[in-house]
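Trainee: Shown below is the structure under consideration.
In the working numbering, the protein residues as written are 852 to 1686.
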């Protein structure tokens, strides 16, 4: 490889100097302290720096950092094959040459014996805000050149909406990336009906980062303008204090019923905009028939909805009347579509906004994601940033990303997705980089069984997360602070030169170096690197981007050396105000939507023709399996909301100060209403067990009247810490995904349903509680192959060597028996030669 010519040495090595960098929670600087620690310094242009910055120093060199390559002992001893040992067995530390040789040999074996379809390229894209060291791009580029891989589509956050919105308005990007801006809203909106609220805890996070976090200031401006917000959520904290708010503490999973009743009131009282509906919408007659109950005999009026939602009928009618006489914005957070039948609240909210007739007007209409991500409503420029080309994937197979357990457990099974009939391929090797599915995914007991089915699991990780602990071969990856990159986010105002601030921990390498080493052993190293090292890639990607930007009139970026020396470049501004669907409203014939009708589809003939019982052709109330009105609620009377945390990004920074300070009884905090706590003799700070048929977890109780009675909140992201000997699993740390169901939103989208679960809560009465173990490394053991011993490293010493009798998983261990008809589990092990 050739060295880069334009990358200056990183600054900030001396004590007190500040090194520029960025992250998904925003741009900041890193100050190297005299004692070797670091301090995260907010960017001087940021009016509202993220509280997550407090988590950076403690996470950087935590005891759980992976310091050397490591292999699961059973994989070294017995060779690749299905096993119950993943997540239970100790690891053996290896040298880099041996680890890369083993991985390359196994990749080649699977490709040669089963084809590239048998390789799953897992990566979720949140590992780094850098444009070059983007783990997903690096891994997919490598696997595409390897011959291809089975991939995934969409996201856990928006898996339902990304599939649904193209049927309704022609594409998803127009809604999700071109939403009405906050200045437009604060200048025109009189009423916001906020289904799911506008949670302040999420607005500091955006893929790639935000240099100037503007949403908190825009919310203050909204309050100063006198706008009213109708907060529709079982959680009062889903809207910041200070706004003129009316709280509608809705029963979870019934938002669609409330939307339908609001729509019915508009129609029944002659308040809806008939002219707008006739001109801009398709399928209105079918939808209005449904509201009136013409076919099913159920009128979707306020009285009907009151019984489902817990919101009095008079309040429903008054809200509809108020919306009709004011400039009204109907918004839906992303969380509402992460439930069973999650298509319906998005579709029903769009229909409600259409009946109000304000779509395309400044400050009116429909929004999706305000408060779900920091860039929704932002005014920053929308330009394509430097990126690493991945190249085409020769394999056409993919899965919706939330169906990973189904993929591994049910090879050959057919399923519906987005109007097609597909089949799960037989995956023999999982290669994962830049993600932690044991955070994102549901029913972690089932996911553990799924991770037992492949022959081999390869993982790149910075820390010993649950995903790393369930791997066969683990490569230690650097963090963003330990390498150089270029950072920038969607609608960010700046491109950031991410200088290396600290030396890598142990023997950690960046993903590019790991994959280049594998590519070299597999015969395409030169093609993968194109003769460039990371410094050369940074200059190449930046220069190509700068030339393209200048050619399109988007601005004149400085030369790379000047950009790198300055540490950032502020992108040219774009108009600060924008209204979603304004062009369509102005000229529906000249600027039609990309739908079959060219209009907003209140009823979709395309969706109706699919004949899906869980997603009909118009917005509808479909009772979910788990909600307060379900039969199971008789014995599981509390509805758990497993939403995003306020003190970390997903599971990142769970070892940092912001996350650790929020723990209660050393575990994740469960928020519960005082009445529900009193009925269970639970007090503030008590250790409680939350459980259902899928599993259980421990948490510390926090009593608050800011949750609706009958509702408890346990955020996602606490590192999964299963207690040995418990099946179904008991998580000692408070990961709610031991409780959530691994079922799709519908056969249309196959989106995740991890937001809700029926549970019960009780005081922990099992004696001394199990300790939280995930804040230290896993056990390490001697190499089982003749004459080899474990490497003496800080990680081995911290964990303590494992003795021989720690490896006794039994025939299935905690994975349990294979699912009925599973041909995957009983495959033989495949011994391999040591390279």
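Built from N, CA and C at the ideal position, the CB exists for glycine as well. Quick caveat, the model's predicted, so the values are computed rather than measured.
Just reading off the alpha helix (DSSP H) that residue 1312 is part of, what are its end residues?
Mentor: Here residue 1312 is taken as the residue at index 461 of the chain shown, counted from 1. Under the DSSP assignment, residue 1312 falls outside any alpha helix (DSSP H), being part of the beta strand (DSSP E) whose first and last residues are 1307–1312.
Trainee: Let me make sure I understand the geometry here. Which of 969, 1147, 922 and 1125 has the alpha-carbon closest to that of residue 1279?
Mentor: The sequence position of residue 1279 within the chain shown is 428, counting from 1. Considering only alpha carbons, the answer is 969.
Trainee: Are the stretch 1256–1267 and the stretch 1009–1025 in contact at 8 Å, needing three or more beta carbon pairs?
Mentor: no
Trainee: Which term fits residue 1454, buried or exposed, when burial requires 16 or more other beta carbons within 10 angstroms of its beta carbon?
Mentor: Taking the first residue of the chain shown as 1, we reach residue 1454 at position 603. So residue 1454 ends up on the buried side.
Trainee: Do residue 1186 and residue 1494 count as a contact pair if the criterion is CB distance below 8 Å?
Mentor: Taking the chain shown and counting its residues from 1, the one referred to as residue 1494 is at position 643. Taking the chain shown and counting its residues from 1, the one referred to as residue 1186 is at position 335. Their beta carbons are under 8 Å apart, which means residue 1494 touches residue 1186 by this criterion.
Trainee: From which residue to which residue does the alpha helix (DSSP H) around residue 1017 run?
Mentor: As a working mapping, residue 1017 is identified with position 166 in the chain shown. Note, residue 1017: alpha helix (DSSP H), 1010–1020.
Trainee: Run through the DSSP bridge pairs and tell me what residue 810 is partnered with.
Mentor: Because the chain spans 852 through 1686 in this model, residue 810 falls outside it and cannot be assessed.
Trainee: Do you know whose CA, among 1378, 1373 and 1409, lies nearest residue 1390's CA?
Mentor: Residue mapping note: residue 1390 aligns to position 539 of the chain shown, counting from 1. The residue with the shortest Cα to Cα distance from residue 1390 is 1409.
Trainee: How about residue 1070 and residue 1179: are their beta carbons less than 8 Å apart?
Mentor: Taking the chain shown and counting its residues from 1, one reaches residue 1070 at position 219. Taking the chain shown and counting its residues from 1, one reaches residue 1179 at position 328. Taking 8 Å as the Cβ cut-off, residue 1070 and residue 1179 do not qualify as a contacting pair.
Trainee: Am I right that residue 1232 and residue 1422 are in contact with their C-beta atoms under 8 Å? What's the rounded C-beta distance?
Mentor: Counting from 1 along the chain shown, the entry for residue 1232 is found at position 381. Counting from 1 along the chain shown, the entry for residue 1422 is found at position 571. With a Cβ gap of about 5 Å, residue 1232 and residue 1422 count as contacting.
Trainee: Can you say whether residue 1643 is buried or exposed, counting buried as having 16 or more other CB atoms within 10 angstroms of its CB?
Mentor: As a position in the chain shown, residue 1643 is number 792, starting the count at 1. Low local confidence applies: a pLDDT of 38 at residue 1643 is under 50, so the model's placement there is unreliable, with the coordinate-based value given in what follows. By the Cβ-count criterion, residue 1643 is exposed, with fewer than 16 other Cβ atoms from all chains shown falling within 10 Å of its own Cβ.
Trainee: Determine the burial state of residue 1532: buried for a count of at least 16 other Cβ atoms within 10 Å of its Cβ, exposed for fewer.
Mentor: Locating residue 1532 in the chain shown gives position 681, counting from the first residue. Residue 1532 is exposed by the Cβ-count criterion.
Trainee: Please classify residue 1294 as buried or exposed, where buried requires at least 16 other C-beta atoms within 10 Å of its C-beta.
Mentor: Here the question's residue 1294 lines up with position 443 in the chain shown. By the 10 Å Cβ count, residue 1294 comes out buried.
Trainee: Is the beta carbon of residue 1367 less than 8 Å from the beta carbon of residue 1333?
Mentor: Your numbering for residue 1367 matches position 516 in the chain shown. Your numbering for residue 1333 matches position 482 in the chain shown. Their beta carbons are not under 8 Å apart, which means residue 1367 does not touch residue 1333 by this criterion.
Trainee: Where are the beta strand (DSSP E) runs, 3 residues long or more, that stay fully inside the stretch 1134–1186, in chain order?
Mentor: Complete beta strand (DSSP E) runs here, min 3: 1179–1183.
Trainee: Nearest-angstrom Cα distance between residue 1436 and residue 1525?
Mentor: To locate residue 1436, count along the chain shown from 1; it is residue 585. To locate residue 1525, count along the chain shown from 1; it is residue 674. Looking at the two C-alpha atoms, the distance is approximately 48 Å.
Trainee: Who does residue 1548 pair with in a DSSP beta bridge?
Mentor: In the chain shown, residue 1548 corresponds to position 697, counting from 1. Paired residue(s): 1541 and 1582.
Trainee: For residue 1267, which of helix, strand or coil comes out of DSSP?
Mentor: Taking the first residue of the chain shown as 1, we reach residue 1267 at position 416. If DSSP states are grouped into helix, strand and coil, residue 1267 belongs with the strands.
Trainee: Which residue wins for smallest C-alpha separation from residue 872, given the options 1325, 1033 and 980?
Mentor: Counting from 1 along the chain shown, the entry for residue 872 is found at position 21. The shortest Cα separation from residue 872 among 1325, 1033 and 980 belongs to 980.
Trainee: What is the residue span of the beta strand (DSSP E) that residue 1131 lies within?
Mentor: Locating residue 1131 in the chain shown gives position 280, where the first residue counts as 1. Careful: residue 1131 lies outside any beta strand (DSSP E), inside the alpha helix (DSSP H) at 1125–1131.
Trainee: Helix or strand or just coil, what does DSSP make of residue 1027?
Mentor: Against the chain shown, residue 1027 aligns to sequence position 176. Residue 1027 falls in the helix class under three-state DSSP.
Trainee: Per DSSP, which one or two residues make a beta bridge with residue 1218?
Mentor: Within the chain shown, residue 1218 is the residue found at index 367, counting from 1. 1182, per the DSSP bridge assignment.
Trainee: Within the chosen definition, does the stretch 1055–1063 reach the stretch 1334–1342 through at least 3 CB pairs nearer than 8 Å?
Mentor: yes
Trainee: Hey, how far is the Cα of residue 909 from the Cα of residue 1507?
Mentor: Translated into positions along the chain shown, residue 909 becomes position 58. Translated into positions along the chain shown, residue 1507 becomes position 656. Cα to Cα, residue 909 sits roughly 5 Å from residue 1507.
Trainee: Spell out a yes or no on whether the stretch 1546–1553 and the stretch 1584–1592 are touching, meaning 3 or more CB-CB pairs, one atom from each, closer than 8 Å.
Mentor: yes
Trainee: Between the Cα of residue 1365 and those of 1079, 1517, 946 and 1489, spot the shortest distance and give me the residue it belongs to.
Mentor: As a working note, residue 1365 is residue 514 in the chain shown. Of 1079, 1517, 946 and 1489, the residue nearest in Cα terms is 946.
Trainee: Report the rounded CA-to-CA distance for residue 1651 versus residue 931, giving the unit in angstroms.
Mentor: Taking the chain shown and counting its residues from 1, the one referred to as residue 1651 is at position 800. Taking the chain shown and counting its residues from 1, the one referred to as residue 931 is at position 80. For residue 1651, the predicted model reports a pLDDT of 31, less than 50, meaning its position is unreliable and no value from the coordinates is stated.
Trainee: If you run the structure through DSSP and keep just helix, strand and coil, what is residue 891?
Mentor: The count along the chain shown starts at 1 and reaches residue 891 at position 40. Correct three-state label for residue 891: strand.
Trainee: Out of 1123, 1199 and 1250, point me to the one whose CA is closest to residue 1472's CA.
Mentor: Working through the chain shown from its first residue, we reach residue 1472 at position 621. The shortest C-alpha separation from residue 1472 is found at 1199.
Trainee: Across the stretch 926–942 and the stretch 1303–1318, are there enough close Cβ pairs to call them in contact, namely three or more that are closer than 8 Å?
Mentor: yes
Trainee: Under three-state DSSP, which class holds residue 1687?
Mentor: This structure cannot settle anything about residue 1687, because the visible part of the chain is limited to 852 through 1686.
Trainee: Which value, in whole angstroms, describes the spacing of the CA atoms of residue 1577 and residue 1308?
Mentor: Within the chain shown, numbered from 1, the residue matching residue 1577 stands at position 726. Within the chain shown, numbered from 1, the residue matching residue 1308 stands at position 457. Going by the C-alpha atoms only, they are around 24 Å apart.
Trainee: Thinking C-beta only, is residue 961 closer than 8 Å to residue 1352?
Mentor: Translated into positions along the chain shown, residue 1352 becomes position 501. Translated into positions along the chain shown, residue 961 becomes position 110. Taking 8 Å as the cut-off, the Cβ atoms of residue 1352 and residue 961 do not count as close.
Trainee: Which stretch, first to last residue, makes up the beta strand (DSSP E) that contains residue 1237?
Mentor: Within the chain shown, numbered from 1, the residue matching residue 1237 stands at position 386. Run containing residue 1237: none; DSSP gives neither H nor E here.
Trainee: Going by beta carbon distance, what residues of the same chain come within less than 7 Å of residue 899, once the five residues before and after it are set aside?
Mentor: As a first step, residue 899 must be located in the chain shown, where it is residue number 48. If we look at residue 899 and ignore the five residues flanking it on each side, its Cβ neighbours are 1064, 1067 and 1068.
Trainee: If contacts are defined as beta-carbon pairs under 8 Å, then residue 1100 and residue 1559 qualify, I think. What distance do you get, rounded to the angstrom?
Mentor: For this step, residue 1100 is matched to residue 249 along the chain shown. For this step, residue 1559 is matched to residue 708 along the chain shown. Yes, residue 1100 and residue 1559 are in contact; Cβ-Cβ is about 4 Å, under 8 Å.
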